[in-house]
Amino acid sequence: MRLENFQMLDEVETIDVERLSIVAIARVPYESPVFDGHFPGYRIMPGVLLLETMAQAAGYLLMAQNGFARMPFFASAKTANFRSFVLPGSVLKVKADCLHAGSGYAVMTTSLECEGTRVSDAQLTMRTIAFPTPALEQHVRREGQRLGFLKNAEAG
Amino acid sequence: MASTYETVAGIISSTSDIPLERITPQSHVMKDLEVDSLAFLDITFEIDQAFGIKLPVEDWMGRVNEGKDKGDEYFIVGNLCSQIDSLRAALAE
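Chains U and Y, in that order, give the protein sequences.
Under our numbering, read the first sequence as residues 248 to 403, first letter to last.
Under our numbering, read the second sequence as residues 306 to 398, first letter to last.
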């Protein structure tokens, strides 16, 4: 994870595009400017970044399905729970499964586990639209390449 | 068993916090009931789940944006119910 860059996922452990299911790994860094403010003297991962981590797993799963042709944007979070503090150095298992694939949107059930214990979960709605700019598409494809979704030629 | 209209009106009411008595078959979901795009996403999800269908909202919006349709045939509650019934009938064939 590079929290200040919103680079939340480190690797994909398993992905099933047919069943729309993914498990990814996110390693929380020991050092990050984020921890300077959250919190001084007690460094824990902000809940919003845990939510973002789950949303990114859901998003990359949907892009793997659509061939990185369209971009899922985070539209809503329902029943988001933060069950335990997540500390620097934690290794998170990020899971996302599709509850319903609609027309231009998908509802995903997501969770984070740390050492076998669920630390967070949420139901997320992702709205999928055309990439709004070529620069964003290029960035997302590079990230897709880094995570192993795309080969060099496909990354553009 | 609830009619399509009763189910749809109930979904709109509960997801968007609109009193049931304000919703009529002639209400336009966006123009009259002031449902925004995010709330309509929630309504779409609930309708998809309740009726076991996939409302083709992207196609509808595409047609409206291209000027091919005005949207009334999709977003007036009574017409939305007709679209749902058609989709269900097509699935049953």
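No residue lacks a Cβ here, since even glycine has one placed at the ideal position from N, Cα and C.
Whole-angstrom C-beta distance between residue j and residue i, which should lie under 8 Å
i, j, result
"residue 369/U", "residue 328/U", "7 Å"
"residue 271/U", "residue 259/U", "5 Å"
"residue 378/U", "residue 318/U", "5 Å"
"residue 321/U", "residue 373/U", "6 Å"
"residue 360/Y", "residue 350/U", "6 Å"
"residue 295/U", "residue 335/U", "Actually they are not in contact, since the Cβ atoms of residue 295/U and residue 335/U sit about 17 Å apart, beyond 8 Å."
"residue 358/Y", "residue 393/Y", "6 Å"
Amino acids of chain U, ordered along the chain, whose beta-carbon sits closer than 7 Å to that of residue i
i, result
"residue 354/Y", "347"
"residue 359/Y", "349 and 350"
Residue from the options with nearest C-alpha to residue i
i, options, result
"residue 262/U", "366/U, 349/U and 340/U", "340/U"
"residue 317/Y", "307/Y, 306/Y and 334/Y", "334/Y"
"residue 364/U", "333/U, 349/U and 376/U", "333/U"
"residue 366/U", "304/U, 387/U and 357/U", "357/U"
"residue 250/U", "298/U, 266/U and 289/U", "298/U"
"residue 279/U", "267/U, 292/U and 392/U", "292/U"
"residue 354/U", "365/Y, 369/Y, 331/Y and 351/Y", "351/Y"
"residue 310/Y", "370/Y, 347/Y, 355/Y and 397/Y", "355/Y"
"residue 391/U", "338/U, 337/U, 316/U and 307/U", "307/U"
"residue 265/U", "348/U, 287/U and 381/U", "348/U"
Coarse secondary structure for residue i, derived from DSSP in three states
i, result
"residue 254/U", "strand"
"residue 381/U", "helix"
"residue 316/Y", "helix"
"residue 275/U", "coil"
"residue 396/U", "coil"
"residue 345/Y", "helix"
"residue 362/Y", "helix"
"residue 352/Y", "helix"
"residue 369/U", "strand"
"residue 392/Y", "helix"
"residue 386/U", "helix"
"residue 335/Y", "coil"
"residue 369/Y", "helix"
Amino acids of chain Y, ordered along the chain, whose beta-carbon sits closer than 9 Å to that of residue i
i, result
"residue 374/U", "342, 343 and 346"
C-beta neighbour in chain Y for residue i, strict 8 Å
i, result
"residue 322/U", "yes"
"residue 264/U", "no"
Interface partners of residue i on chain Y, CB under 7 Å
i, result
"residue 351/U", "362 and 363"
Chain U within 8 Å of residue i, Cβ atoms only
i, result
"residue 320/Y", "no"
"residue 350/Y", "yes"
Chain Y residues whose Cβ lies nearer than 8 Å to that of residue i
i, result
"residue 354/U", "350"
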